[in-house]
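Numbering (this note's numbering), first residue to last: 58 to 250.
Structural data, given as structure tokens:
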């Protein structure tokens, strides 16, 4: 009986050690950010997204995320086309700074509810613009607005930002495949030189 308990304990310890050491892929819509961009796009198609464009390392799709119409950009590594980043750009282009900021804060609050307080954030305008001057939306469209919130998680990073097209974007980067991208890029540089 003691031998069985010891063996069982050792097996459990080995399983937990392997599990703790193994890093998982970041999830997007309950789907691991892994495989080729084509494979990942197929999984998004099953969730209702429609492919609209294919470029060298990017597949663009349209669909709904968080109940809002959006474009989805699935970005792959140059060599193996392994998906390492997924970006959501909501379709709505705002005509009011207060509506844009309010929706940004609502989305940010949803992510705080799920992932906890963000690791880092910034909220400011580039001179001569400042919040309260009445020209905030103009500053956004001139790329003089810096609003972003970041979550640095074990499996990757998430960023929510206000973009110069008066849109909100959310970007997921898988840590393992971002590392793969760096290795592929370095290998290409070494091959070229």
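The C-beta atom is built at its ideal place from N, Cα and C for all residues, glycine as well. Computed from a predicted model, the values in this text were never measured in an experiment.
Buried versus exposed call for residue i [16 or more other C-beta atoms within 10 Å across all chains shown]
i	result
residue 204	buried
residue 78	In this prediction, residue 78 scores a pLDDT of 43, lower than 50, which makes its location untrustworthy; no coordinate-derived value is stated.
residue 144	buried
residue 152	exposed
residue 225	buried
residue 148	exposed
residue 193	buried
residue 107	exposed
residue 72	The predicted position of residue 72 is uncertain, since its pLDDT is 38 and thus under 50; a value taken from the coordinates is nonetheless stated next. Classification of residue 72: exposed, given that the 10 Å Cβ count is below 16.
residue 110	exposed
residue 138	buried
residue 128	buried
residue 156	exposed
residue 150	exposed
residue 159	exposed
residue 91	buried
residue 130	buried
residue 316	It is not possible to answer for residue 316, since the shown part of the chain is limited to 58 through 250.
residue 234	buried
residue 196	buried
Bridge-paired residues (DSSP) for residue i
i	result
residue 180	204
residue 115	132
residue 122	125
residue 213	210, 231
residue 107	119
residue 84	89
residue 224	220
Check whether residue i and residue j have beta carbons under 7 Å apart
i	j	result
residue 202	residue 182	yes
residue 161	residue 219	yes
residue 97	residue 229	no
residue 88	residue 100	yes
residue 141	residue 209	no
The ligand ADP heavy atom lying under 6 Å from the CB of residue i
i	result
residue 243	Ligands are entirely absent from the displayed structure, and the ligand ADP is therefore not among its contents.
Check your understanding: If you pair each beta-carbon of the region 129–138 with each one of the region 240–248, do three or more pairs fall below 8 Å?
Key -> Two segments are said to touch when three or more pairs of C-beta atoms, one from each, lie closer than 8 Å; by this definition the region 129–138 touches the region 240–248.
Review point. Is the number of C-beta pairs between the region 158–175 and the region 208–217 that are closer than 8 Å three or more?
Key: Three or more beta-carbon pairs separated by less than 8 Å link the region 158–175 to the region 208–217, which places the two stretches in contact.
**Study point:** Contiguous beta strand (DSSP E) assignments of at least 3 residues, all confined to the region 133–180
**Key:** Fully enclosed beta strand (DSSP E) runs of 3 or longer: 140–147.
Practice item. Would you check if there are 3 or more beta carbon pairs closer than 8 Å linking the region 106–122 to the region 154–168? Key: Taking a cut-off of 8 Å on C-beta distances, the region 106–122 does not touch the region 154–168, as fewer than three cross pairs fall below it.
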